[in-house]
Amino acid sequence: MGAVARAGACVPDEASAGLTVDGGAGSGSAPAGARLSGAPAEGAGRARGGDLPDWLVDPPRYDPPRDRDAFVARSALSIASVLGRFRLDDGRPSPLSPSAPAKLILGLACILLTSLSRNYFFVLVMLALVLVRACLLPSRKLARVASVAGAAAALTALVMLPAILLGQSHSALLVGTKVLVSVSIAMIVALTTPFNEITGALRAFRVPNLFILTIDMALKNIVSLGRIALEVLTSLRLRSVGRNRDKGASIGGTAGVVLLKSKEAAEVTYASMECRGFEGEYVSGGRGQWRAHDAAWAAALAALVALFVYLQSLV
Amino acid sequence: MHIPENYLSPSTCGVFGVATVGIWAVAIRKVSRSVPKDKMPLLGVAAAFCFLAMMFNIPLPGGTTGHAVCGTLVAILFGPWASVIAVSIALIIQAVFFGDGGILAIGANCFNMAFVLPMVGYGVYRLVRGRSGGLGRELVAAGVGSYVGINCAALCAALEFGVQPLLFTDSAGAALYCPYPVSVAVPAMMVGHLTVAGIAETVFTVGILAFVRKVAPNFALLPGSSAPVAGGAASGAEAPSLAASVAPVAVLVGLLIVATPLGLLAEGDAWGEWGIEDLANSLGYTPSGMASGWEWTALMPDYSIGSLPDWVGYVLSAVIGVALLVIVFRLGAAAMKTPVDFDARQA
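Heads up: the sequence lines are chains G and P, in that order.
Numbered according to the working numbering, the first sequence spans residues 1 to 315.
Numbered according to the working numbering, the second sequence spans residues 1 to 347.
Structure follows, in structure tokens:
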């Protein structure tokens, strides 16, 4: 950790006057009470009130130099934002939203149809659907979707710049809109589904157990280790009084603590899984994951596919 | 009233562009102080009203069409500076995505419809409404204000068209840009707006305002501009039933979206919004500045897509436009959040 509050260093005047803060009132060269009530010591005669020494009457003026801890604050903020994104109760489904496996299928199908479409109208229909869904997102998620999808579309426009300059602006517009729609769909699916449900939904697609287990454990460990790292950084910050130049050196300590804790967490998790009868078979998913109104979403997807086929035939 | 590309000279566009940027800067500063963050998305919904109102084309005398703008409505609900922002963003989305109004002419269009219209309309509204008055008087004031506002905006647009042949001609005396002088442009624009388009603006403004005041009193803000209404809950304070009061307005927006194809019933273009070929046919020549002008490829030019029926493109445009407006204003509200400075020195 390397960060220790050195309170004694902050009060040099008191220490020279015969008192040490660390040692408490009784450990000085003379009892504090004797000084205050007894005969005035050297310099104390000029004190206001007659019996208080100068150093005691002076109002305490401790003005520590500004500490340089921007890196701690920034690290803490970035960890906290990652944790915020991974929060397991985030993206709780509304009563009308499809189940996680259905949402994955819908998202993949929409991205596939958008990519395959040669009719611009279909891409615009998808754009309208995505925009309407994005309108209903909470503002934090909306900002995230807009920034990522906007950046992807801008990058596409940059890549397609030669096409625009050569007079093929329509194809550049088509590709740019497709990228915008596809990235937005992927982001919306990811942001509106809790991570544990996504890994659970993978089971419905017959993804190997080991793969799901690894993803699931990694995601959960990121959350718990992130929390530990956040706590360590907070404690480092709280224990630094004044300008603490040793803080940079304690970054290694922070990483070490997190590493040790991760090892501990992995062992404890595996032990607890064994205690609960885990034999390497990841039993998640199954039919219980699907919801009744997934059928309505399937019908909507079928309508979208029909529209896609009809519009493709017009091209 | 949307001035298309190349109807105004680049220098005219530049002058209006600079003026409009200044107006936007003032408006953004005023709005960030006066409109609370939680009401910003509602301003997006109000901008959606403007967007949709501009899609309802109404036939005017002389074979042209006109439309309402609803800038005065937004000014009454959220304040005139908020209306500047809302109508401007609606106009920018129309120009960029749907080719309605020129990209270079955005400055002039915003000056007319997003600055002159709400400012004049709101001023007249305040004048007529006075200090007191119930809902009836407010609606009358809104009607008069919106009528005067849209006509002032149309007059500005007509003057901008009209000065072009005075200022920009070639050596033979033929106009380089818009060929119609003030003596033609002003009567042509004003006849339509003083009669049909002005009335349409009044009907839209009064109808939507009455609906909002009665059904969703929490929708508006600005205690100064929110009228004493039935229910008496209209104030800028935190309203627990904000979502509930937005719901009827959202339904109204949905109905307007579905009804937008009615705007297709009016055939013909608005005055001053013809394509270059149409203009050349009626004029006998193509003004050289327009022939060599710059043209923007919009996502859905004229709210239509290829060979598909016009109404499909219209409804789709309305959905995309409204969703974009709501997203823009929600992102704006999110950006308004004050960042927490963890490094701030403790006092």
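Note that the Cβ used here is the ideal one computed from N, Cα and C, for glycine as well.
Task: G/Glu264: first and last residue of the uninterrupted alpha helix (DSSP H) it sits in - done: Along the first sequence, one-based indexing puts residue 264 of chain G at 264. Counted as a single uninterrupted DSSP element, the alpha helix (DSSP H) harbouring G/Glu264 occupies residues Ile251 to Cys275.
- [ ] Could you tell me whether the Cβ atoms of P/Leu43 and P/Ile106 are closer together than 9 Å?
- [x] In the second sequence, the residue the question calls residue 43 of chain P occupies position 43. In the second sequence, the residue the question calls residue 106 of chain P occupies position 106. It is not a contact, given that the beta carbons lie outside the stated cut-off.
Open item on the list: Counting C-beta neighbours from all protein chains within 10 Å, is the total for P/Pro179 16 or more, i.e. buried, or is it exposed?
Closed with: For the purposes of this step, residue 179 of chain P is identified with residue 179 of the second sequence, where counting begins at 1. By the neighbour-count rule (16 or more Cβ atoms within 10 Å), P/Pro179 is buried.
TODO: Run down chain P in chain order and give the residues with a C-beta less than 7 Å from the C-beta of G/Cys357.
DONE: Outside the shown range of chain G (1 to 315) lies residue 357 of chain G, about which nothing can therefore be said.
- [ ] Quick one: residues in its chain with C-beta nearer than 8 Å to the C-beta of G/Arg61, no 5 flanking neighbours on either side, listed in chain order?
- [x] The residue given as residue 61 of chain G occupies position 61 in the first sequence. Nothing listed; no residue qualifies.
TODO: Using a Cβ cut-off of 9 Å, pull out every chain P residue sitting near G/Gly169, in sequence order please.
DONE: On the first sequence, residue 169 of chain G is found 169 positions in, with the first residue counted as 1. Position check: residue 169 of chain G holds Ser in this sequence, whereas Gly was assumed. Within chain P, the residues near G/Ser169 are Thr297.
Task: Sequence-distant residues of its chain with Cβ nearer than 6 Å to P/Ser351 (five each side left out) - done: The structure shown does not extend to residue 351 of chain P, since chain P is modelled only from 1 to 347, so the question has no answer here.
- [ ] Find the nearest neighbour of P/Val184 within the set P/Leu176, P/Gly173 and P/Leu155, judged by alpha-carbon distance.
- [x] Position 184 of the second sequence, counted from the start, is the residue given in the question as residue 184 of chain P. P/Val184 has its Cα closest to that of P/Leu155, out of P/Leu176, P/Gly173 and P/Leu155.
Task: Buried or exposed (CB count within 10 angstroms, at least 16 for buried), P/Tyr177 - done: Along the second sequence, read from residue 1 onward, the residue named residue 177 of chain P stands at position 177. Under this definition P/Tyr177 is a buried residue.
Open item on the list: Looking at the secondary structure, which residues open and close the alpha helix (DSSP H) in which P/Glu295 lies?
Closed with: Numbered from its first residue, the second sequence carries residue 295 of chain P at position 295. Unbroken run through P/Glu295: none, as it is neither H nor E.
- [ ] Determine the chain G residues that contact P/Gly316 at a beta-carbon separation under 7 Å, and present them in chain order.
- [x] On the second sequence, position 316 is the one that residue 316 of chain P refers to. Looking at the sequence shown, residue 316 of chain P is not Gly but Leu. Within 7 Å Cβ-Cβ: Leu124, Val125 and Ala128.
- [ ] Can you give me the start and stop residues for the alpha helix (DSSP H) that P/Gly107 sits inside?
- [x] Position 107 of the second sequence, counted from the start, is the residue given in the question as residue 107 of chain P. For P/Gly107, the uninterrupted alpha helix (DSSP H) segment begins and ends at Ile106 to Asn109.
TODO: Say whether chain G places a C-beta atom closer than 9 Å to the C-beta of P/Ala234.
DONE: Stepping through the second sequence from its first residue, residue 234 of chain P is reached at position 234. Residue confidence is low: P/Ala234 scores 37 on pLDDT, short of 50, so the model does not pin down where it sits. Its coordinate-derived value is still stated next. Look at P/Ala234: its C-beta is not under 9 Å from any C-beta on chain G.
- [ ] State the Cα-Cα distance for the pair P/Ala142 and P/Thr260, rounded to the nearest angstrom.
- [x] Along the second sequence, one-based indexing puts residue 142 of chain P at 142. Along the second sequence, one-based indexing puts residue 260 of chain P at 260. C-alpha separation (whole angstroms): 23 Å.
Open item on the list: In whole angstroms, give me the CA-to-CA distance for G/Phe71 and G/Val130.
Closed with: On the first sequence, position 71 is the one that residue 71 of chain G refers to. On the first sequence, position 130 is the one that residue 130 of chain G refers to. Spanning the two alpha carbons is a distance of roughly 38 Å.
- [ ] Give, in chain order, every residue of the region 132 to 149 of chain G whose Cβ lies closer than 8 Å to some Cβ of chain P.
- [x] Val132, Ala134, Cys135, Ser139, Arg140, Leu142, Ala143 and Ala146
- [ ] Along the alpha helix (DSSP H) that carries G/Ser147, what are the first and last residues, could you check?
- [x] Here residue 147 of chain G refers to the residue found at position 147 of the first sequence. Run containing G/Ser147: Ser139 to Val159, per the alpha helix (DSSP H) assignment.
Task: Host alpha helix (DSSP H) of G/Val179 (start-end) - done: Indexing the first sequence from 1 puts residue 179 of chain G at position 179. Ser169 to Thr192 is the extent of the alpha helix (DSSP H) around G/Val179.
TODO: Along the alpha helix (DSSP H) that carries G/Leu230, what are the first and last residues, could you check?
DONE: For the purposes of this step, residue 230 of chain G is taken as residue 230 along the first sequence, with counting starting at 1. Asn209 to Leu238 is the extent of the alpha helix (DSSP H) around G/Leu230.
- [ ] Flag this pair as yes or no: are the beta carbons of P/Ala27 and P/Ala82 separated by less than 9 Å?
- [x] To locate residue 27 of chain P, count along the second sequence from 1; it is residue 27. To locate residue 82 of chain P, count along the second sequence from 1; it is residue 82. P/Ala27 places its beta carbon less than 9 Å from that of P/Ala82.
TODO: Assign P/Pro295 to one of two classes, buried (16 or more other C-beta atoms within 10 Å of its C-beta) or exposed (fewer than that).
DONE: As a working mapping, residue 295 of chain P is identified with position 295 in the second sequence. Residue 295 of chain P is actually Glu in this sequence, not Pro. When all chains shown are included, P/Glu295 counts as exposed.
- [ ] Measure the CB-CB distance between P/Ile103 and P/Glu5 and report whether it falls below 9 Å.
- [x] Taking the second sequence and counting its residues from 1, one reaches residue 103 of chain P at position 103. Taking the second sequence and counting its residues from 1, one reaches residue 5 of chain P at position 5. P/Ile103 places its beta carbon less than 9 Å from that of P/Glu5.
- [ ] Counting only the same chain and skipping the five closest in sequence on each side, list residues whose C-beta sits under 7 Å from that of P/Phe329.
- [x] Counted from its first residue, the second sequence places residue 329 of chain P at position 329. These residues qualify, in order along the chain: Met40, Pro41, Leu43, Gly44 and Ala47.
Open item on the list: Within 10 Å of its beta-carbon, does G/Glu264 have 16 or more other beta-carbons around it, so buried, or fewer, so exposed?
Closed with: In the first sequence, the residue the question calls residue 264 of chain G occupies position 264. Under the 10 Å beta carbon count, G/Glu264 is surrounded by fewer than 16 other beta carbons and is classified as exposed.
Task: Nonlocal neighbours in the same chain, by C-beta distance under 7 Å from P/Ala318, ignoring five residues either side - done: The residue labelled residue 318 of chain P in the question sits at position 318 within the second sequence. So the qualifying residues of the chain are Leu52, Met55, Ile257 and Thr260.
TODO: Inspect the CB distances between the region 182 to 192 of chain G and the region 140 to 155 of chain G and report whether three or more fall short of 8 Å.
DONE: yes
Open item on the list: Using beta carbons (cut-off 9 Å, strictly below), is P/Ile89 in contact with chain G?
Closed with: Indexing the second sequence from 1 puts residue 89 of chain P at position 89. Closer than 9 Å: no.
TODO: Indicate the three-state DSSP secondary structure (helix, strand or coil) for G/Gly242 in the structure shown.
DONE: Walking along the first sequence from the start, residue 242 of chain G turns up at place 242. G/Gly242: coil per DSSP, three-state reduction.
Open item on the list: Here's the rule I'm using: 16 or more other beta-carbon atoms within 10 Å means buried, otherwise exposed. How should P/Met348 be labelled?
Closed with: There is simply no residue 348 of chain P to check, as chain P begins at 1 and stops at 347 in what is shown.
TODO: Let me know if G/Phe211 comes out buried or exposed under the rule of 16 or more other beta-carbons within 10 Å of its beta-carbon.
DONE: The residue given as residue 211 of chain G occupies position 211 in the first sequence. Exposed is the call here.
Open item on the list: According to DSSP, P/Gly198 sits in a beta bridge with which residue or residues?
Closed with: Sequence index remark: in the second sequence, residue 198 of chain P carries index 198 (1-based). Answer is none; P/Gly198 lacks a bridge partner.
Open item on the list: With DSSP as the reference, identify every bridge partner of P/Ala175, one or two as the case may be.
Closed with: Locating residue 175 of chain P in the second sequence gives position 175, where the first residue counts as 1. Answer is P/Thr169, bridged to P/Ala175.
- [ ] Name the two residues that bound the continuous alpha helix (DSSP H) containing G/Tyr310.
- [x] As a first step, residue 310 of chain G is located in the first sequence; it is residue number 310 there, counting from the start. It spans Asp294 to Leu314 - the alpha helix (DSSP H) in which G/Tyr310 sits, taken as one unbroken run.
Open item on the list: Per DSSP, what are the beta-bridge partners of P/Gly66 in this structure?
Closed with: Numbered from its first residue, the second sequence carries residue 66 of chain P at position 66. Partner(s): P/Ile58.
Task: Inter-residue Cα distance where the pair is P/Pro181 and P/Pro10 - done: Taking the first residue of the second sequence as position 1, residue 181 of chain P is located at position 181. Taking the first residue of the second sequence as position 1, residue 10 of chain P is located at position 10. Approximately 18 Å, taken between the alpha carbons.
Open item on the list: So the candidates are G/Ala292, G/Ser115 and G/Val309; which of them puts its Cα closest to the Cα of G/Ala100?
Closed with: Counting from one through the first sequence, the residue named residue 100 of chain G turns up at place 100. When only C-alpha atoms are compared, the closest one is G/Ala292.
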